[in-house]
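So the numbering used here is basically just the index in the sequence shown, starting at one, shifted up by 176. Everything on this sheet refers to the single structure shown next.
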Amino acid sequence: MKILGIETSCDETAASVCVDGKIVSSALSSQEIHNKFGGVIPELASREHEKTLNLIVLKALKESKLSVKDLDGIAVTQGPGLSGALIAGTSFAKGLAVGLNIPILGINHLEAHIFANFLAEPELEFPFVCLLVSGGHTQLWEIENFMSYRLLGETRDDAAGEAFDKGARILGLGYPGGPEIEHLAKNGDHKSIDFPKALMKKNNFEFSFSGLKTALLYYFEKNKKMKIEDIAASYQFAIIDVLVKKLKYAADLTNCKNCVVAGGVAANQFLRQHSKKQMSNRNIIFPHPSLCTDNAAMIAYLGEKYLSIGKTSHLNFSISPNMKIV
Ligand code: KG4
Ligand code: ZN
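Quick look at the structure:
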C-alpha cells in the first residue's frame, strides 16, 4: 500500500510516504520560532503547522515520485500532543482524505515512536523491551507482539527529555535542551558531581527526575564558577544511568534478549554507548537519530501496518491530546 503519514503533534511539521513497509520519502520542518522562548509556545506551533503543512506534504510526495492520486490511505497523528497542533494536522489530513476518497487512520504518536525501531531493524523479533524516552513521556514497555503491549512502569513526574530541557534552561542553554547538554557534556567529566538518582530499587520500573532538576538548580546557584561542561556531563550521567539501569532490570525481569530505545532522548550518543557497555549480553537497537526525534516516517510506517489489515478511523474522529497506548 502507498500511505502518506502526517505528524504535527508538537513543533515539527512532517510528512512521509511509506510503500509496502519501506519509507520512500520523508520531509520535515523544525519550527525554530520557539528557540528564543526556551520551550514550545502552543499557539505559535499551530500557526506554523498551518503555514508549512501544504509545502511539506508536497515535498514528501515529490520526493516519493508519486502523485496524491496514487495514495491508498492517510495516517495522521491523533495524539498525544498539543491540541492546536494536532487539530492542524488532522484537519489537513481529513480534507485530503475526503478529496481523494481514501481511508484515514488516527495514529498514536508514542506507539509510532516504538515502531520506528522496525525501520532500523526490519528483522526485529517480538517480544522485546522498549525504553520510550521523549519530551513528555518516560516509559518502559514489554512489547509482546503487534497490538499486545504491557506497561512495566513510567515516570511519576518529569520525563527524561523534560529533565534535559529544564536542566538546559537552568544552565542558560537553548531549546531543545537534550542536544545542548549532550554537546557540552562531551568535554566534561561526568564523575565531578554526584547528582541524586531516584527510585533505584531493582524491581521498581518507575522514574522520577524532578528532584534531580532541583538539585541542579541549587548546585548551579552555589557554584557559578565551576566548569559548565563538568556540570552538564554529571547531570546527563544522572539521567542516562537511571534509564540504562532500569532498562537492564526490565530486560532481566522479562528475559527479553532484544531491547529497543525510542523517542527524542534516544538520539543521545552517550545513552547509546552507556547502554551497550552496561548491557553487552543484550541486543540493543536504536533508530537513526532522525527517526528518534519527531518525524512522519514512523507515522506512515505504523499507519500502513494498520491500514493494510483494514483498520481505519471514521472521518469524525477527534484529536486525543492525552492519548495512551493502552
Ligand atoms: O520524541 P521527541 O522528539 O518529541 C516528543 O514526542 O516529546 O522528544 C523531544 C525530546 C526533547 O525533550 C529533547 O530535549 C530530547 O527529546 N532530545 C534529546 C536529544 N535530542 C532530543 N535528549 C538528549 N539527547 C539528545 N541528543
Ligand atoms: Zn515524539
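The C-beta atom is built at its ideal place from N, Cα and C for all residues, glycine as well.
Alpha carbon to alpha carbon, what distance is there between residue j and residue i?
i      : j      : result
Ala443 : Leu262 : 24 Å
Leu327 : Phe446 : 25 Å
Glu382 : Glu330 : 5 Å
Phe304 : Tyr425 : 13 Å
Glu318 : Lys453 : 22 Å
Lys178 : His490 : 20 Å
Ser185 : Thr266 : 10 Å
Asp341 : Glu208 : 15 Å
Asn399 : Leu483 : 55 Å
Asn230 : Ala344 : 33 Å
Asn211 : Ile501 : 30 Å
Leu375 : Ser384 : 7 Å
Val233 : Ser466 : 18 Å
Asp333 : Lys378 : 19 Å
Lys401 : Asn363 : 16 Å
Val195 : Leu237 : 12 Å
Ile283 : Pro256 : 9 Å
Asp187 : Ala269 : 17 Å
Glu183 : Glu356 : 24 Å
Ser324 : Glu287 : 11 Å
Pro298 : Ile369 : 40 Å
Thr430 : Cys306 : 11 Å
Asp406 : Gln412 : 10 Å
Leu423 : Ser451 : 9 Å
Ile290 : Ala296 : 11 Å
Glu224 : Thr189 : 8 Å
Leu316 : Glu397 : 33 Å
Glu219 : Glu320 : 38 Å
Val244 : Leu276 : 8 Å
Tyr395 : Glu358 : 19 Å
Lys235 : Thr228 : 11 Å
Lys241 : Asp428 : 46 Å
Asn492 : Met499 : 17 Å
Ala292 : His285 : 11 Å
Arg448 : Ser386 : 23 Å
Asn380 : Gly312 : 20 Å
Gly421 : Leu272 : As written in the sequence, residue 421 is Lys, which differs from the Gly given in the question. Computed Cα separation, rounded: 45 Å.
Leu347 : Thr488 : 46 Å
Cys432 : Asp365 : 33 Å
Gly181 : Thr314 : 24 Å
Phe294 : Ser410 : 32 Å
Thr469 : Ala203 : 13 Å
Gly260 : Met455 : 41 Å
Run through the DSSP bridge pairs and tell me what residue i is partnered with.
i      : result
Ala261 : Looking at the DSSP assignment, Ala261 forms no beta bridge with any residue, so it has no partner.
Arg326 : Glu318
Lys178 : Val195
Gly524 : The requested residue 524 is not part of the displayed model; the chain covers only 177 to 502.
Leu307 : Leu316, Val437
Thr331 : Phe383
Leu204 : Ala190
Asn459 : Asn434
Asn284 : Gly255
Ser489 : Ile280
For the putative contact between residue i and residue j, defined by C-beta atoms under 8 Å, what is the C-beta separation to the nearest angstrom?
i      : j      : result
Phe371 : Ala414 : 4 Å
Ser129 : Ile475 : Absent from the model: residue 129. The displayed extent of the chain is 177 to 502, so no value can be given.
Leu258 : Pro497 : 7 Å
Leu281 : Gly479 : 5 Å
Glu301 : Asn434 : 6 Å
Ala336 : Leu419 : 6 Å
Val441 : Val309 : 4 Å
Ala361 : Ala408 : 4 Å
Phe481 : Phe322 : The residue asked about is misnamed: residue 481 is Lys in this sequence, not Phe. Right, the Cβ-Cβ distance comes to about 7 Å (below 8 Å), so this counts as a contact.
Val436 : Ile404 : Incorrect: roughly 33 Å between the Cβ atoms, too far for contact.
Ser201 : Glu226 : Rounded, the Cβ-Cβ distance is 22 Å, inconsistent with contact.
Ser205 : Ala264 : That belief does not hold up - the Cβ atoms of Ser205 and Ala264 are roughly 13 Å apart, past 8 Å.
Lys367 : Asp417 : Wrong, their Cβ atoms sit about 11 Å apart, outside the cutoff.
Ile278 : Asp248 : 6 Å
Measuring only from the beta carbon, is residue i closer than 7 Å to any heavy atom that is part of the ligand ATP?
i      : result
Asn444 : This structure simply doesn't include the ligand ATP; it includes the ligand KG4 and the ligand ZN instead.
Could one say the Cβ of residue i lies closer than 8 Å to chain E's Cβ atoms, at least one of them?
i      : result
Phe268 : No chain E appears in the structure shown, which is made up of a single protein chain.
*Evaluate the contact criterion for the region 243-252 versus the region 378-393: three or more CB pairs, one atom per stretch, below 8 Å.*
Inter-segment contact for the region 243-252 and the region 378-393 is absent: fewer than three beta-carbon pairs are separated by less than 8 Å.
_Residues whose Cβ lies closer than 5 Å to any heavy atom of the ligand ZN, in chain order_ = Answer in sequence order: Ser310, Asp470.
*How do the region 335-352 and the region 208-228 stand: do at least 3 beta-carbon pairs fall below 8 Å, yes or no?*
Short answer: they touch.
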